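Chemist:
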Amino acid sequence: MEYALPTYSFVSPPELSQGVSTQYPVVVIGGGLTGLTLLCDLLQRGVQAILIDEDDTVGVRGASSRGICYAQNSLEIFKRLGTYDRIKAKGVEWSIGRTFAGEDEIYSFDLAKQSTHNASCQPPFINIQQFYVEWFLVERILEMSPNAIRWKNKLSAISQDENTVALTVDTPAGTYRCAAQFAVDCTGANSFVRATLGINAPRATGVDRWCISDVKFKHQPAKERWTWIKAPFNDDRCVWQHLMADDVWRLDYQMSVDDDPEYVSRRDVVEERLRKHFGDDVEFDLMWVGPYSYRDLLIDEFRKGRVFFAGDAAHVMSPFGARGGNSGVQDADNLAWKLALVLQGRAGEALLNSYHAERREAAQVNIKATARTNRFLTPRSRSEHALRNAVIDLARAQPFARALVNTGRLSVASAYTQSPLNFGRCAGGSIQNVALDAAEDLSAFIARQAGRMVVVAHDRMCYQGLDCVALEAGFPVRFTVLRDDTSEIARQLKLEHGECALIRPDLHHAGCIPAAQIGAVLGFIFHEN
1191 MEYALPTYSF VSPPELSQGV STQYPVVVIG GGLTGLTLLC DLLQRGVQAI LIDEDDTVGV
1251 RGASSRGICY AQNSLEIFKR LGTYDRIKAK GVEWSIGRTF AGEDEIYSFD LAKQSTHNAS
1311 CQPPFINIQQ FYVEWFLVER ILEMSPNAIR WKNKLSAISQ DENTVALTVD TPAGTYRCAA
1371 QFAVDCTGAN SFVRATLGIN APRATGVDRW CISDVKFKHQ PAKERWTWIK APFNDDRCVW
1431 QHLMADDVWR LDYQMSVDDD PEYVSRRDVV EERLRKHFGD DVEFDLMWVG PYSYRDLLID
1491 EFRKGRVFFA GDAAHVMSPF GARGGNSGVQ DADNLAWKLA LVLQGRAGEA LLNSYHAERR
1551 EAAQVNIKAT ARTNRFLTPR SRSEHALRNA VIDLARAQPF ARALVNTGRL SVASAYTQSP
1611 LNFGRCAGGS IQNVALDAAE DLSAFIARQA GRMVVVAHDR MCYQGLDCVA LEAGFPVRFT
1671 VLRDDTSEIA RQLKLEHGEC ALIRPDLHHA GCIPAAQIGA VLGFIFHEN
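Each number in the working numbering corresponds to the 1-based position in the sequence shown with 1190 added.
Have a look at this one:
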């Protein structure tokens, strides 16, 4: 069996069919996970953006499931975008993970019981093939704007001046030119845009290689995330075992540095490896198999004039902890509300500078976390080998040592500790999507505010002395008092009496500040930063 991906028809753009010259508010370049998330978010905020993509399908033609683990923060974002219900219905929820060394279980966790994940209306993780997530985003986009995605449109030239970005696009019907107030590059690690604009993209020299196998079993293994640091059925190298949608299992087998990737990924070799893993009598159907390798990448500038870089065009990291695709979704979530406010004239263009400050910090944190996991899973030096073996031996005997086992610190919402939009206590963190009542959660409430930042106080008395009507007329904000039956929202915001909390449209905390300072803070965020 093989994956069957949808295909979309090429439609001649108006620049060719009508001979018009058009300038768009935003052109998104690249129709992968990050680009589609960004376009969907922009359209939902009323920005008539378009997306160009050189292919005519989702996912990667002939490729595997690719990214499969979608973290709680991404699921909260998809909830705001209207695709979460389909993801939940199709995918597999999980919170329990187990780690083995040989036959011994040396570490386990249940994210649903941890404070970092237990307040949200969304589960800690859902496993689903990436092409499904992209597919659902495409269909949501088509509901809002049937011609917003331009398939078989390949960017061939890009330039910019102080006011516009100029793009040249090749299609089956000919070449056309268009312009944009802003462009966002979501084309991936081998970015043509980045190369054209001279953006430095240093890469790490190390590389790790894996064989990905997507498998359907007649008799299913336990529906949990299992990892092996030393798998006896993979020559004592690492293995990942995850269930995805359609009862397909994703199995990642680490290769040695000397292995021939093509040989290791041969179907007969993979079938023999599966029998070593699950027993000679295992019955299965291979959906897809192929080699995978990665290198880290982090660019110096996430914004170059009127062009922004997001997803793999800005940062690439190893897959440990499911930080790559989730980080790209967060990039889109961070940028969309800022672009919308600026384009609608409700904020100054300086607001856009915070995208680089916040998302590059997030990428640095993610790359650092995955690099540490890589050193634990694939020790390069004698000292790293000794440390890993000591941790494994200690974890077998002592419960306190099990937290030192590092098979991937799982993706969580980024904290923007260096953001220019931070004020007062608790600034920069993400707020979980708590339920406010039986009918509405925080995400839905924020979505109803049409891009406004929400100012929250314990009660209306905190707003005494403030002209809230004038502030709401002058800034994209909404003053409110939020409560829920469990007081979870109060715990999330960490408000003290006399303070107001500022919740951004992306559910990040801009800080707890005295009510008297609200006007000055709003002025800085929207017009001066």
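We treat Cβ as the ideally placed atom computed from N, Cα and C, and that holds for glycine.
From a predicted model like this one, the values you see are computed outputs, not experimental measurements.
Would you mind sorting Val1497 into buried or exposed? The rule is 16 or more other CB atoms within 10 Å of its CB.
Modeler: Translated into the one-based positions of the sequence shown, residue 1497 becomes position 307. Here Val1497 is buried, its C-beta having at least 16 other C-beta atoms within 10 Å.
Chemist: Hey, could you find the ends of the beta strand (DSSP E) Lys1269 is sitting in?
Modeler: Position 79 of the sequence shown, counted from the first residue, corresponds to residue 1269. Careful: Lys1269 lies outside any beta strand (DSSP E), inside the alpha helix (DSSP H) at 1262 to 1271.
Chemist: In this structure, does DSSP put His1467 in helix, strand or coil?
Modeler: Translated into positions along the sequence shown, residue 1467 becomes position 277. Helix, per DSSP.
Chemist: From what residue to what residue does the alpha helix (DSSP H) around Gly1701 run?
Modeler: Taking the sequence shown and counting its residues from 1, the one referred to as residue 1701 is at position 511. Taken as a continuous stretch (DSSP letters only), Gly1701 belongs to no alpha helix (DSSP H), being part of the beta strand (DSSP E) at 1699 to 1704.
Chemist: Can you round the beta-carbon distance between Ala1261 and Ala1512 to whole angstroms, since I take them to be within the 8 Å contact cut?
Modeler: What you label residue 1261 is simply residue 71 of the sequence shown in a count that begins at 1. What you label residue 1512 is simply residue 322 of the sequence shown in a count that begins at 1. With a Cβ gap of about 6 Å, Ala1261 and Ala1512 count as contacting.
Chemist: By how many angstroms is the C-alpha of Gly1249 removed from the C-alpha of Leu1241?
Modeler: Numbered from its first residue, the sequence shown carries residue 1241 at position 51. Numbered from its first residue, the sequence shown carries residue 1249 at position 59. Rounded to the nearest angstrom, the two C-alpha atoms are 16 Å apart.
Chemist: Using DSSP with H/G/I as helix, E/B as strand and the rest coil, what is Leu1195?
Modeler: Locating residue 1195 in the sequence shown gives position 5, counting from the first residue. When DSSP states are grouped into helix, strand and coil, Leu1195 belongs to the coil group.
Chemist: Taking the continuous alpha helix (DSSP H) assigned at Met1334, which residues delimit it?
Modeler: Walking along the sequence shown from the start, residue 1334 turns up at place 144. Here the alpha helix (DSSP H) through Met1334 covers 1320 to 1334.
Chemist: Mark Glu1630 as exposed unless 16 or more other C-beta atoms lie within 10 angstroms of its C-beta, in which case mark it buried.
Modeler: Position 440 of the sequence shown, counted from the start, is the residue given in the question as residue 1630. Exposed, since its Cβ has fewer than 16 Cβ neighbours within 10 Å.
Chemist: So for Pro1481, helix, strand or coil by DSSP?
Modeler: Counting from one through the sequence shown, the residue named residue 1481 turns up at place 291. In this structure, Pro1481 counts as strand in the three-state DSSP scheme.
Chemist: Quick one: what's got a C-beta closer than 8 Å to Gly1688's C-beta in the same chain, skipping five residues either side?
Modeler: Residue 1688 sits at position 498 when you count from the first residue of the sequence shown. Cys1652, Pro1704, Ala1705.
Chemist: So the beta strand (DSSP E) Pro1215 belongs to, where does it begin and stop?
Modeler: Numbered from 1 along the sequence shown, position 25 holds the residue referred to as residue 1215. Its beta strand (DSSP E) spans residues 1213 to 1219.
Chemist: For Ile1636, collect the residues of the same chain with a Cβ closer than 7 Å to its Cβ; drop the 5 residues on either side in sequence, then sort them by chain order.
Modeler: As a first step, residue 1636 is located in the sequence shown; it is residue number 446 there, counting from the start. The answer, listed in chain order, is Val1644, Ile1693, Pro1695, Leu1697.
Chemist: Could you tell me which of Cys1428, Asp1231, Gly1469, Asn1424 sits nearest to Lys1408, measuring between CA atoms?
Modeler: For the purposes of this step, residue 1408 is identified with residue 218 of the sequence shown, where counting begins at 1. Per the C-alpha coordinates, the member of Cys1428, Asp1231, Gly1469, Asn1424 positioned closest to Lys1408 is Gly1469.
Chemist: Beta-carbon separation of Phe1326 and Thr1417 under 9 Å?
Modeler: For the purposes of this step, residue 1326 is taken as residue 136 along the sequence shown, with counting starting at 1. For the purposes of this step, residue 1417 is taken as residue 227 along the sequence shown, with counting starting at 1. Against a cut-off of 9 Å, the Cβ pair of Thr1417 and Phe1326 comes out as no contact.
Chemist: Can you confirm whether the stretch 1427 to 1439 touches the stretch 1311 to 1331 when touching is taken to mean that 3 or more C-beta pairs between the two stretches lie within less than 8 Å?
Modeler: Yes, the stretch 1311 to 1331 touches the stretch 1427 to 1439.
Chemist: Taking buried to mean at least 16 other C-beta atoms within 10 Å of its own C-beta, is Arg1340 buried or exposed?
Modeler: Position 150 of the sequence shown, counted from the first residue, corresponds to residue 1340. So Arg1340 ends up on the buried side.
Chemist: Label Asn1424 either buried or exposed according to how many other C-beta atoms from any shown protein chain fall within 10 Å of its C-beta, with 16 as the threshold for buried.
Modeler: On the sequence shown, position 234 is the one that residue 1424 refers to. Asn1424 should be labelled buried.
Chemist: So, Thr1597 versus Phe1510, is the Cβ gap smaller than 9 Å?
Modeler: As a position in the sequence shown, residue 1597 is number 407, starting the count at 1. As a position in the sequence shown, residue 1510 is number 320, starting the count at 1. Cβ distance < 9 Å, so Thr1597 and Phe1510 count as in contact.
Chemist: What would DSSP say about Gln1312, mapped onto helix, strand or coil?
Modeler: Position 122 of the sequence shown, counted from the start, is the residue given in the question as residue 1312. Looking at Gln1312 - three-state DSSP - the assignment turns out to be coil, as it is neither helix nor strand.
Chemist: Which residues in the same chain have their Cβ closer than 6 Å to the Cβ of Gly1619, if we skip the five residues on either side of it in sequence?
Modeler: Translated into the one-based positions of the sequence shown, residue 1619 becomes position 429. Excluding residues within five positions, the ones whose Cβ falls inside 6 Å are Ala1605, His1699.
Chemist: Quick check on Thr1365: buried or exposed, where buried means 16 or more other Cβ atoms within 10 Å of its Cβ?
Modeler: Start at 1 with the first residue of the sequence shown, and residue 1365 comes out as number 175. Per the 10 Å Cβ criterion, exposed.
Chemist: Would Asn1556 be called buried (16 or more neighbouring beta carbons within 10 Å of its own) or exposed?
Modeler: Indexing the sequence shown from 1 puts residue 1556 at position 366. It is buried - the Cβ of Asn1556 has at least 16 other Cβ atoms within 10 Å.
Chemist: Could I get the ranges of all uninterrupted beta strand (DSSP E) runs contained in the stretch 1360 to 1398, with 3 residues as the minimum, in chain order?
Modeler: Listed in chain order, the complete beta strand (DSSP E) runs (minimum 3 residues) inside the stretch 1360 to 1398 are 1364 to 1375.
Chemist: Report the residue from Lys1278, Ala1279, Lys1280, Phe1299 whose alpha carbon sits nearest the alpha carbon of Arg1288.
Modeler: Indexing the sequence shown from 1 puts residue 1288 at position 98. Considering only alpha carbons, the answer is Phe1299.
Chemist: Taking the alpha carbon of Gln1371 as the point to measure from, which residue in Val1355, Glu1574, Ala1530 has its own alpha carbon closest?
Modeler: Indexing the sequence shown from 1 puts residue 1371 at position 181. Residue Val1355 is the option with its Cα nearest to Gln1371.
Chemist: Mapping the DSSP letters down to three states, classify Tyr1443 as helix, strand or coil.
Modeler: Here residue 1443 refers to the residue found at position 253 of the sequence shown. If DSSP states are grouped into helix, strand and coil, Tyr1443 belongs with the strands.
Chemist: For Ser1633, does the three-state DSSP call read helix, strand or coil?
Modeler: What you label residue 1633 is simply residue 443 of the sequence shown in a count that begins at 1. Ser1633: helix per DSSP, three-state reduction.
Chemist: With 16 as the cutoff for other CB atoms within 10 Å, does Asp1675 come out buried or exposed?
Modeler: Along the sequence shown, read from residue 1 onward, the residue named residue 1675 stands at position 485. Exposed is the call here.
Chemist: Looking at Asp1458: is its Cβ nearer than 9 Å to the Cβ of Lys1406?
Modeler: For the purposes of this step, residue 1458 is identified with residue 268 of the sequence shown, where counting begins at 1. For the purposes of this step, residue 1406 is identified with residue 216 of the sequence shown, where counting begins at 1. Their beta carbons are not under 9 Å apart, which means Asp1458 does not touch Lys1406 by this criterion.
Chemist: State buried or exposed for Pro1336, treating a residue as buried only when at least 16 other CB atoms are found within 10 Å of its CB.
Modeler: For the purposes of this step, residue 1336 is identified with residue 146 of the sequence shown, where counting begins at 1. Classification of Pro1336: exposed, given that the 10 Å Cβ count is below 16.
Chemist: Would you call the stretch 1515 to 1523 in contact with the stretch 1261 to 1272, where contact means no fewer than 3 C-beta pairs closer than 8 Å?
Modeler: Flag = yes, the stretch 1515 to 1523 and the stretch 1261 to 1272 touch.
Chemist: May I ask you to verify whether the stretch 1521 to 1532 touches the stretch 1574 to 1593, counting CB pairs closer than 8 Å and requiring at least 3?
Modeler: no
Chemist: In the DSSP assignment, find the beta strand (DSSP E) that holds Tyr1653 and state where it starts and stops.
Modeler: The residue you call residue 1653 lines up with position 463 of the sequence shown. For Tyr1653, there is no enclosing beta strand (DSSP E), as DSSP gives it neither H nor E.
Chemist: Would Leu1584 and Ala1593 be called neighbours here (beta carbons separated by less than 9 Å)?
Modeler: Numbered from 1 along the sequence shown, position 394 holds the residue referred to as residue 1584. Numbered from 1 along the sequence shown, position 403 holds the residue referred to as residue 1593. Taking 9 Å as the Cβ cut-off, Leu1584 and Ala1593 do not qualify as a contacting pair.
Chemist: Counting C-beta neighbours from all protein chains within 10 Å, is the total for Ala1347 16 or more, i.e. buried, or is it exposed?
Modeler: Within the sequence shown, residue 1347 is the residue found at index 157, counting from 1. Under this definition Ala1347 is an exposed residue.
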